[in-house]
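Asks: In our numbering, the protein residues as written are 2 to 598. Please see the structure below; I have some questions.
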Amino acid sequence: MKIECKIADAVKAIVEELYGSAVPDNLVQLQQTRPEFEGQITLVVFPFTKMSHKAPDATAQEIGERLKERLPEVVSGFNVVKGFLNLSISSRQWIEILNDINGNPRFGFQPVTDDSPLVMIEYSSPNTNKPLHLGHVRNNLLGWALAQVMEANGNKVVKTNIVNDRGIHICKSMLAWLKWGNGETPESSGKKGDHLIGDYYVAFDKHYREEVKELVAKGMDEEQAKQEAPLIKEAHEMLVRWEQNDPEVRALWKRMNEWVYAGFDETYKALGVSFDKIYYESETYLEGKEKVEEGLAKGFFYRREDGSVWADLTKEGLDEKLLLRSDGTSVYMTQDIGTAKLRFQDYPIDKMIYVVGNEQNYHFQVLSILLDKLGFKWGKDLVHFSYGMVELPNGKMKSREGTVVDADDLIATMIQDAKELSADKVNKLEDITEAEAQEIARIVGMGALKYFILKVDARKNMLFNPEESIDFNGNTGPFIQYTYARIRSILRKWSDEITLDGKAFEVSLAEKEISLIQRLQGFEAAVRQAGQDYNPSCIANYCYELVKEYNQFYHDFSVLHEEDKAKQQVRLVLSAAVAQVVKNGMGLLGIEVPERM
2 MKIECKIADA
12 VKAIVEELYG
22 SAVPDNLVQL
32 QQTRPEFEGQ
42 ITLVVFPFTK
52 MSHKAPDATA
62 QEIGERLKER
72 LPEVVSGFNV
82 VKGFLNLSIS
92 SRQWIEILND
102 INGNPRFGFQ
112 PVTDDSPLVM
122 IEYSSPNTNK
132 PLHLGHVRNN
142 LLGWALAQVM
152 EANGNKVVKT
162 NIVNDRGIHI
172 CKSMLAWLKW
182 GNGETPESSG
192 KKGDHLIGDY
202 YVAFDKHYRE
212 EVKELVAKGM
222 DEEQAKQEAP
232 LIKEAHEMLV
242 RWEQNDPEVR
252 ALWKRMNEWV
262 YAGFDETYKA
272 LGVSFDKIYY
282 ESETYLEGKE
292 KVEEGLAKGF
302 FYRREDGSVW
312 ADLTKEGLDE
322 KLLLRSDGTS
332 VYMTQDIGTA
342 KLRFQDYPID
352 KMIYVVGNEQ
362 NYHFQVLSIL
372 LDKLGFKWGK
382 DLVHFSYGMV
392 ELPNGKMKSR
402 EGTVVDADDL
412 IATMIQDAKE
422 LSADKVNKLE
432 DITEAEAQEI
442 ARIVGMGALK
452 YFILKVDARK
462 NMLFNPEESI
472 DFNGNTGPFI
482 QYTYARIRSI
492 LRKWSDEITL
502 DGKAFEVSLA
512 EKEISLIQRL
522 QGFEAAVRQA
532 GQDYNPSCIA
542 NYCYELVKEY
552 NQFYHDFSVL
562 HEEDKAKQQV
572 RLVLSAAVAQ
582 VVKNGMGLLG
592 IEVPERM
């Protein structure tokens, strides 16, 4: 039984004995003792003063004395500070906790069983007219980390992606390639397929703006010019042909999308993310139209005179929402309804989480109501994991102008920077091969990128600073990775098994050692909190605080050169447990840790 549980049970029994009152569980408030006071666990005594009819300090003193009598093997001492009972926990208890943590490779994780709820998480959601950029990087890293966190909390998890593979934006790239591509392919150009298509999307916009400018110069209103420009008309004609299943347009669309998917797969692999199921808008929008028609027949929606279909959400405090245009074509909401239908057919979903930027907050507020009206049991409780935008020191990104921070370029730059910055450390390693040095650079570079993005509360906008992210000091991925590699180096120098024997349980621990074990124990709560709040940053910042505390311990205490063998055992096991928890914690974020560095 956990120390806190033992103490809580004892407090309830003691209060009833002393004051004759039964104690509800929620009245027993235990928290970590503040660092300026002696002790490790603090009981808040104020809730019991109405039962004791005594001052808080007197009440705390009585409870403290009884606790020490009742749990002598747990409570070694106590002190009272203004109604707070600070308890000192015996070294043996902390060593037993350490031994349990070290003996459980999955400490902090809840088991996934046949009865576990199934959580589906959607992330990535790219368009097939451009490569992934920095915004997609944050989306993918958040989605992947959230999936690991939800699984660590005992849920079955299905990771899904919805690819926006149809619409006018796709036709723009296709038309530009037909006009100026000269049959160029990824193989002939040496470019990744998503980059090649992205170049033609930018080319379309460049030529389109020139046409609009010419029409305006001839006296046409700018808004009219945008509608009348020949290129945009051609793109719309191509979209109509696509909708009509024109074989030529469909063949080109399929061919160019395959180039893009191959490019996406490379980027996903580099980011270390994947999906259990991928859905495509081209396959879901018709399903959405069917569900809308079904809702129309049931009176959930209504049709206007022009033939368009709407949902009236004014009773819910919202406005009216378009679901089908007057020409019968679908909107994004229709697609999301169709995708939900297919997902519900494919999986017995208990909870649905959409990882989508905060500019879509209203969209998901509406979607939740519509899905609930249409009978999806998880519709009302769908979670929009709403995250803020990523900005760079020089401002925002713009896709059409080709000024985005490309994900592939960013990944390559981070790895190269890591190689240059860690060269001195890596070159000192014995028998280091070029391949191993390159692998360490990859792990460190990607760790820097992922950690810098994931340590920030997802709800906030963030400024991504590549130079700051790859620093080997401070709250960064490389700092945590370097600490892990240091611990592994210490443990490799110990040839015997790293375990505790009888004498080790009698060691009297220093406060720093107790504090480090208590921090280790907190991993369980950090994982639970990250799952409850849908917040992977809880794990990132926990890992940072843990390694910071370990480094302070390592600075003050010898491990390998400690002469007292029992103490040496405890410190070796403590080091091994920290390494294990760091590896597991960073693993939840999709971050690898190198064995040497």
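Just so you know, even glycine gets a beta-carbon here, dropped at the ideal spot from N, CA and C.
Between the Cα of Y388 and those of I279, C544, L573 and I354, spot the shortest distance and give me the residue it belongs to.
Replies: Looking at the Cα atoms, I354 is the closest of the given residues.
Asks: Starting from M587, trace the alpha helix (DSSP H) both ways and give me its first and last residue.
Replies: Run containing M587: K566 to L589, per the alpha helix (DSSP H) assignment.
Asks: Can you give me the C-alpha to C-alpha distance between I481 and I454, rounded to a whole angstrom?
Replies: Using only the alpha carbons, I get a separation of about 15 Å.
Asks: Could you check where the alpha helix (DSSP H) with I488 kicks off and where it finishes?
Replies: Counting along the chain, the alpha helix (DSSP H) containing I488 begins and ends at G478 to R493.
Asks: Considering Cα atoms alone, identify which of H364, Y269, T268 and G329 is closest to L314.
Replies: For the residues H364, Y269, T268 and G329, the minimum Cα distance to L314 belongs to H364.
Asks: Can you tell me the Cβ-Cβ gap for E123 and T161, rounded? I've got them flagged as a contact below 8 Å.
Replies: Sure, about 5 Å apart at Cβ, within 8 Å.
Asks: Report the three-state DSSP secondary structure of Y262 (helix, strand or coil).
Replies: Y262 falls in the helix class under three-state DSSP.
Asks: Rounded to whole angstroms, what's the CA-CA distance from E1 to T330? Just pull it up for me.
Replies: The structure shown does not extend to residue 1, since the chain spans only 2 to 598, so no value can be given for it.
Asks: Using a 10 Å radius around the Cβ and a threshold of 16 neighbouring Cβ atoms, would you call E402 buried or exposed?
Replies: At E402 the pLDDT is 46, less than 50, meaning the model places this residue with poor confidence; the figure from the coordinates comes in the next sentence. Exposed, because fewer than 16 other Cβ atoms sit within 10 Å of the Cβ of E402.
Asks: Mind reading off the beta-carbon distance from V12 to I64? Whole number of angstroms is fine, and I expect it under 8 Å.
Replies: About 7 Å separates the two Cβ atoms, so the contact holds.
Asks: Would you kindly report the start and end of the unbroken beta strand (DSSP E) that includes I163?
Replies: Counting along the chain, the beta strand (DSSP E) containing I163 begins and ends at K157 to V164.
Asks: Determine the closest residue to R597 out of I15, I491, L575 and D195, with distance taken between C-alpha atoms.
Replies: That would be I491, whose Cα lies nearest to the Cα of R597.
Asks: Starting from the C-beta of G380, find all residues in its chain whose C-beta is less than 7 Å away, skip the five residues before and the five after it, and write them out in chain order.
Replies: Closer than 7 Å at Cβ, skipping near neighbours: S369, L372 and D373.
Asks: Please report the straight-line C-alpha distance between T484 and V548, rounded to a whole angstrom.
Replies: Taking the straight line from one Cα to the other gives about 7 Å.
Asks: Can the beta-carbon of S92 be found less than 8 Å from the beta-carbon of F79?
Replies: No; because the gap between Cβ atoms is not below 8 Å, this pair is not in contact.
Asks: Counting Cβ pairs closer than 8 Å, one from the segment 191–200 and one from the segment 126–138, do we hit at least three?
Replies: Yes: at least three Cβ pairs fall under 8 Å.
Asks: Can we say the segment 285–303 touches the segment 211–219, given the rule of at least three CB pairs closer than 8 Å?
Replies: Contact between the segment 285–303 and the segment 211–219 is absent, because fewer than three Cβ pairs lie under 8 Å.
Asks: For the candidate residues D351, N100, F386 and D347, whose alpha-carbon lies nearest to that of E360?
Replies: Comparing Cα positions, the closest option is F386.
Asks: Going by the beta-carbon positions, is the gap between P132 and G182 smaller than 8 Å?
Replies: In this structure, G182 does not lie closer than 8 Å to P132 by Cβ.
Asks: Please report how far the alpha carbon of V82 lies from the alpha carbon of Q32, in whole angstroms.
Replies: Those two C-alpha atoms are separated by around 14 Å.
Asks: E435: buried (16+ other C-beta within 10 angstroms of its C-beta) or exposed?
Replies: So E435 ends up on the exposed side.
Asks: Look at V571 and A505 and say whether their C-beta atoms are less than 8 Å apart.
Replies: Going by C-beta atoms, V571 is nearer than 8 Å to A505.
Asks: Quick one: grab the DSSP three-state call for N535.
Replies: The identity of residue 535 in the sequence shown is Tyr, whereas the question assumes Asn. Y535 falls in the coil class under three-state DSSP.
Asks: What are the complete alpha helix (DSSP H) segments, minimum 4 residues, inside the segment 273–303?
Replies: Listed in chain order, the complete alpha helix (DSSP H) runs (minimum 4 residues) inside the segment 273–303 are 282–298.
Asks: Do the segment 292–300 and the segment 271–283 touch if we need at least three Cβ pairs shorter than 8 Å?
Replies: No: the two stretches stay apart, fewer than three of their Cβ pairs being nearer than 8 Å.
Asks: So who's on the other strand from W311, going by DSSP bridges?
Replies: Per DSSP, Y303 and L323.
Asks: I need the straight-line Cα distance from Y20 to M52, nearest angstrom please.
Replies: The straight-line gap from Cα to Cα measures roughly 6 Å.
Asks: Go through its chain and collect everything with a Cβ distance to R326's Cβ below 8 Å, but skip five positions before and after it.
Replies: Only S309 and V332 meet the Cβ criterion.
Asks: I'd like the list of long-range same chain contacts for K397, defined as Cβ closer than 7 Å, with 5 residues on each side in sequence excluded.
Replies: A caution first: K397 carries a pLDDT of 45, below 50, which makes its placement in the model unreliable, though a value can still be read off. Same-chain partners within the cutoff: there are none.
Asks: Using DSSP bridges, identify the partner residues of I122.
Replies: I122 is bridged to K160 and I354.
Asks: Nearest-angstrom Cα distance between V16 and A23?
Replies: Distance between the alpha carbons of V16 and A23: 8 Å.
Asks: Please name the residue or residues paired with G78 in a DSSP beta bridge.
Replies: DSSP, once it has assigned bridges, lists S89 as partnering G78.
Asks: Quick check: M463 and V391, are their CB atoms within less than 8 Å of each other?
Replies: In contact: M463 and V391 (Cβ atoms closer than 8 Å).
Asks: Please state whether DSSP places V367 in a helix, a strand or coil.
Replies: V367 falls in the helix class under three-state DSSP.
Asks: If you draw a straight line from the C-alpha of V113 to the C-alpha of N156, how long is it?
Replies: Using only the alpha carbons, I get a separation of about 6 Å.
Asks: Could you pull the start and end residues of the beta strand (DSSP E) that T43 belongs to?
Replies: Note, T43: beta strand (DSSP E), I42 to V45.
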